[in-house]
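Asks: Protein chains in written order, with the working numbering: chain A, 5 to 143; chain B, 5 to 143; chain C, 5 to 143. Beta carbons: idealized from backbone N, C-alpha and C, even for Gly. Every value quoted in this text rests on a predicted model; they were computed, and no experiment measured them.
#1: To test your reading of the DSSP string, which unbroken alpha helix (DSSP H) runs of 4 or more residues are found completely within the region 89-138 of chain B?
#2: Strictly under 8 Å for the Cβ-Cβ distance: is residue 131 of chain C near chain B by that measure?
#3: Is it right to say residue 139 of chain A is buried, meaning 16 or more other beta carbons lie within 10 angstroms of its own, or is it exposed?
#4: Does the Cβ of residue 112 of chain B have 16 or more other Cβ atoms within 10 Å, making it buried, or fewer, making it exposed?
#5: Return the first residue and the last residue of the alpha helix (DSSP H) that residue 69 of chain A is part of.
#6: For residue 35 of chain B versus residue 67 of chain B, is the C-beta distance shorter than 8 Å?
#7: Beta-carbon of residue 68 of chain B versus every beta-carbon of chain A: anything under 8 Å?
#8: Does DSSP put residue 29 of chain B in a helix, in a strand, or in coil?
#9: Taking only the alpha-carbon atoms, compute the straight-line gap between residue 109 of chain B and residue 22 of chain B and give it to the nearest angstrom.
#10: Which one or two residues does DSSP pair with residue 50 of chain B in a beta bridge?
#11: Below 7 Å on C-beta distance, what does residue 62 of chain B contact in chain C?
#12: Interface residues of chain A around residue 56 of chain C at Cβ under 8 Å?
#13: What residues of chain C sit near residue 114 of chain B, judged by a beta carbon separation below 9 Å?
#14: If you draw a straight line from the alpha carbon of residue 132 of chain B to that of residue 124 of chain B, how long is it in whole angstroms?
#15: Going straight from the alpha carbon of residue 97 of chain B to that of residue 55 of chain A, what length do you get?
#16: Strictly below 8 Å CB to CB, what residues from chain A border residue 42 of chain C?
#17: Within a Cβ cutoff of 8 Å, which residues of the same chain sit near residue 105 of chain B, ignoring the five residues on either side of it in sequence?
#18: Should residue 137 of chain B and residue 58 of chain A be called a contact, given that it needs their Cβ atoms to be closer than 8 Å?
#19: What does the alpha-carbon distance come out to for the pair residue 12 of chain B and residue 119 of chain A?
#20: What's the gap between the Cα of residue 61 of chain A and the Cα of residue 72 of chain B?
#21: Quick one: measure Cβ to Cβ for residue 130 of chain A and residue 102 of chain A, integer angstroms, because I've assumed they're closer than 8 Å.
#22: If you count every other CB in all the chains shown that lies within 10 Å of the CB of residue 78 of chain B, and 16 or more means buried, which is it?
#23: Taking 8 Å as the threshold (C-beta atoms), are residue 16 of chain A and residue 142 of chain A in contact?
#24: Around the C-beta of residue 27 of chain A, are 16 or more other C-beta atoms found within 10 angstroms, so that it is buried, or is it exposed?
#25: Considering only their Cβ atoms, is the gap separating residue 99 of chain A from residue 50 of chain A smaller than 8 Å?
#26: Which residues in the same chain as residue 32 of chain B place their Cβ atom closer than 6 Å to its Cβ, once the five residues preceding and following it in sequence are excluded?
#27: From which residue to which residue does the beta strand (DSSP E) around residue 9 of chain C run?
#28: Taking the straight line between their C-alpha atoms, what separation do you get for residue 90 of chain A and residue 81 of chain A?
#29: Since residue 96 of chain A meets chain C, which of its residues come closer than 7 Å, beta carbon to beta carbon?
#30: State yes or no: is the beta carbon of residue 111 of chain B nearer than 8 Å to at least one beta carbon in chain C?
#31: Who are the neighbours of residue 118 of chain C on chain A, taking C-beta pairs under 7 Å?
#32: In three-state terms, what does DSSP make of residue 21 of chain B?
#33: Reducing DSSP to helix, strand and coil, say where residue 37 of chain A ends up.
#34: For residue 40 of chain C, collect the residues of the same chain with a Cβ closer than 7 Å to its Cβ; drop the 5 residues on either side in sequence, then sort them by chain order.
#35: Residue 69 of chain A: which of B:29, B:84 and B:6 sits nearest, CA to CA?
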């Protein structure tokens with residue numbers, strides 16, 4: 005069994021942003037040499053997500069509006085977590101909706117995707133360096 | 005390490021439906037010959053889900069009503085994604101709530117489930133052929 | 005390839021509670037002897053979750069309030085599932101938001117975590133014995 009590990013680093017200048025990382029993950033897979041296996045991609049921070057969906061700017065705007073409805077950032081004092089001096093409780097909740105991780109099948113050395121699947125890093129509390137873990141196991 | 009791959013195809017006549025696919029996945033596991041490992045089951049389309057919950061029709065009606073509250077289908081023009089000519093932005097959001105994938109442990113050649121766990125395909129934008137990927141690795 | 009399996013049992017005296025199980029999972033990893041691989045941790049019951057987030061009591065209070073907004077427990081009769089004699093439809097929905105499972109990378113014999121990642125068991129229908137499955141594969 006082969007295993008491979010890499011961290012992808014992000015320093016997003018805005019509080020929230022969705023970044024397509026499919027090519028970064030595909031490059032990791034190439035480096036790993038794995039032909040059959042599983043690829044885990046997870047946010048290493050608890051106010052960010054990794055998820056699979058469509059690379060369409062209208063949909064991304066819909067996500068922004070929808071997540072703000074389900075878990076609004078402001079007023080910050082509506083959340084007890086923010087009594088700790090943080091202002092990012094909403095980011096913990098938004099990440100919960102969007103998910104921490106994806107697992108992608110590896111077949112014939114490729115990410116085994118349907119026609120529109122793309123991997124995104126979802127930043128919900130940016131303006132600082134944060135990481136995504138890519139872990140691949142297989143043969 | 006063994007690996008196994010199969011696509012399950014669905015062509016749901018309605019826009020939304022929840023379909024129990026546990027037996028299909030168990031059949032894949034039998035074909036794989038894997039006794040110890042992991043089984044990934046994921047929607048290959050970004051307006052559909054794979055999730056684990058209860059096979060109880062009342063709960064499925066509750067899911068339908070609840071998802072329509074959290075991410076209503078209509079009016080279609082409330083979503084910017086639908087400006088592209090699509091009408092399925094809500095399906096992208098519903099799938100986000102329900103999840104893209106599940107990973108099931110394989111133990112002694114069986115899906116290692118609790119008493120009520122069943123795997124479902126959640127279709128949120130049907131009336132066309134769509135796929136689920138089953139990928140199994142182990143020994 | 006090595007594989008390891010263990011059940012963690014919980015009998016939570018309240019209906020809802022979030023329990024940090026990171027040390028339990030780390031202990032399983034030690035017992036497994038796996039140095040490189042993947043660790044699946046999943047609720048075996050469909051009214052409970054396993055998720056990764058922050059061990060901060062304010063945030064946990066925010067989760068309680070937020071989940072009650074998104075999927076309120078009462079009135080019980082608002083849910084068709086509860087016509088079966090159950091009163092736990094809300095717990096099925098809350099678990100859907102929080103997720104069934106996490107996959108953690110194993111690197112150098114350790115859970116490969118970012119700085120604040122902790123694994124939680126989320127009980128949403130307690131007062132009875134329930135289980136979490138830990139399945140580890142790797143080398």
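Replies: Once the coordinates are examined:
#1: 93-102
#2: Numbered from its first residue, the third chain carries residue 131 of chain C at position 127. Not one chain B Cβ lies under 8 Å of residue 131 of chain C.
#3: Here residue 139 of chain A refers to the residue found at position 135 of the first chain. Buried, since its Cβ has 16 or more Cβ neighbours within 10 Å.
#4: For the purposes of this step, residue 112 of chain B is taken as the residue at position 108 of the second chain. The residue is exposed, with fewer than 16 neighbouring Cβ atoms inside 10 Å.
#5: Working through the first chain from its first residue, we reach residue 69 of chain A at position 65. Its alpha helix (DSSP H) spans residues 61-74.
#6: For the purposes of this step, residue 35 of chain B is identified with residue 31 of the second chain, where counting begins at 1. For the purposes of this step, residue 67 of chain B is identified with residue 63 of the second chain, where counting begins at 1. In this structure, residue 67 of chain B does not lie closer than 8 Å to residue 35 of chain B by Cβ.
#7: Along the second chain, one-based indexing puts residue 68 of chain B at 64. No - not a single Cβ of chain A is within 8 Å of the one on residue 68 of chain B.
#8: Position 25 of the second chain, counted from the first residue, corresponds to residue 29 of chain B. Residue 29 of chain B falls in the helix class under three-state DSSP.
#9: For the purposes of this step, residue 109 of chain B is taken as residue 105 along the second chain, with counting starting at 1. For the purposes of this step, residue 22 of chain B is taken as residue 18 along the second chain, with counting starting at 1. Spanning the two alpha carbons is a distance of roughly 22 Å.
#10: By one-based count along the second chain, residue 50 of chain B stands at place 46. Paired residues: none, contrary to the question.
#11: Indexing the second chain from 1 puts residue 62 of chain B at position 58. Those within 7 Å of residue 62 of chain B in chain C are 84, 85, 87 and 88.
#12: If you number the third chain from 1, residue 56 of chain C lands on position 52. In chain order: 50 and 104.
#13: Within the second chain, numbered from 1, the residue matching residue 114 of chain B stands at position 110. Within chain C, no residue comes near residue 114 of chain B; the closest Cβ sits about 12 Å away, beyond 9 Å.
#14: Taking the first residue of the second chain as 1, we reach residue 132 of chain B at position 128. Taking the first residue of the second chain as 1, we reach residue 124 of chain B at position 120. Distance between the alpha carbons of residue 132 of chain B and residue 124 of chain B is about 18 Å.
#15: Here residue 97 of chain B refers to the residue found at position 93 when the second chain is read from its first residue. Here residue 55 of chain A refers to the residue found at position 51 when the first chain is read from its first residue. Their Cα atoms are separated by approximately 12 Å.
#16: To locate residue 42 of chain C, count along the third chain from 1; it is residue 38. Per Cβ cutoff of 8 Å: 42, 44, 139 and 141.
#17: Residue mapping note: residue 105 of chain B aligns to position 101 of the second chain, counting from 1. These residues qualify, in order along the chain: 44, 45, 46, 47 and 54.
#18: For the purposes of this step, residue 137 of chain B is taken as residue 133 along the second chain, with counting starting at 1. For the purposes of this step, residue 58 of chain A is taken as residue 54 along the first chain, with counting starting at 1. No, they are not a contact pair.
#19: Residue numbering aside, residue 12 of chain B sits at position 8 when the second chain is read from its first letter. Residue numbering aside, residue 119 of chain A sits at position 115 when the first chain is read from its first letter. If you take the alpha carbons of residue 12 of chain B and residue 119 of chain A, they lie about 15 Å apart.
#20: Taking the first chain and counting its residues from 1, the one referred to as residue 61 of chain A is at position 57. Taking the second chain and counting its residues from 1, the one referred to as residue 72 of chain B is at position 68. Distance between the alpha carbons of residue 61 of chain A and residue 72 of chain B: 23 Å.
#21: Along the first chain, one-based indexing puts residue 130 of chain A at 126. Along the first chain, one-based indexing puts residue 102 of chain A at 98. Between residue 102 of chain A and residue 130 of chain A the Cβ distance is about 14 Å, and since that is not below 8 Å, they are no contact.
#22: The residue given as residue 78 of chain B occupies position 74 in the second chain. By the neighbour-count rule (16 or more Cβ atoms within 10 Å), residue 78 of chain B is not buried but exposed.
#23: Taking the first chain and counting its residues from 1, one reaches residue 142 of chain A at position 138. Taking the first chain and counting its residues from 1, one reaches residue 16 of chain A at position 12. Not in contact: residue 142 of chain A and residue 16 of chain A (Cβ atoms no closer than 8 Å).
#24: As a position in the first chain, residue 27 of chain A is number 23, starting the count at 1. Residue 27 of chain A is exposed by the Cβ-count criterion.
#25: As a position in the first chain, residue 50 of chain A is number 46, starting the count at 1. As a position in the first chain, residue 99 of chain A is number 95, starting the count at 1. Yes, Cβ-Cβ distance for residue 50 of chain A and residue 99 of chain A is below 8 Å.
#26: Taking the first residue of the second chain as 1, we reach residue 32 of chain B at position 28. The residues are 10 and 138.
#27: Taking the third chain and counting its residues from 1, the one referred to as residue 9 of chain C is at position 5. Unbroken beta strand (DSSP E) run through residue 9 of chain C: 6-15.
#28: Reading the first chain from its first residue, position 86 is the one you call residue 90 of chain A. Reading the first chain from its first residue, position 77 is the one you call residue 81 of chain A. Roughly 10 Å separates the two Cα atoms.
#29: The residue labelled residue 96 of chain A in the question sits at position 92 within the first chain. Those are 57, 58 and 63, listed as they occur along chain C.
#30: Position 107 of the second chain, counted from the first residue, corresponds to residue 111 of chain B. For residue 111 of chain B, the answer is yes, since a Cβ of chain C falls inside 8 Å of its Cβ.
#31: Within the third chain, residue 118 of chain C is the residue found at index 114, counting from 1. Here the neighbours are 48, 49 and 135.
#32: Mapped onto the second chain, residue 21 of chain B falls at position 17. Strand, per DSSP.
#33: To locate residue 37 of chain A, count along the first chain from 1; it is residue 33. Residue 37 of chain A falls in the coil class under three-state DSSP.
#34: Here residue 40 of chain C is taken as the residue at index 36 of the third chain, counted from 1. Counting only Cβ-Cβ distances below 7 Å, and skipping sequence neighbours, we find 110, 111, 142 and 143.
#35: Along the first chain, one-based indexing puts residue 69 of chain A at 65. Out of B:29, B:84 and B:6, B:84 has the C-alpha closest to the C-alpha of residue 69 of chain A.
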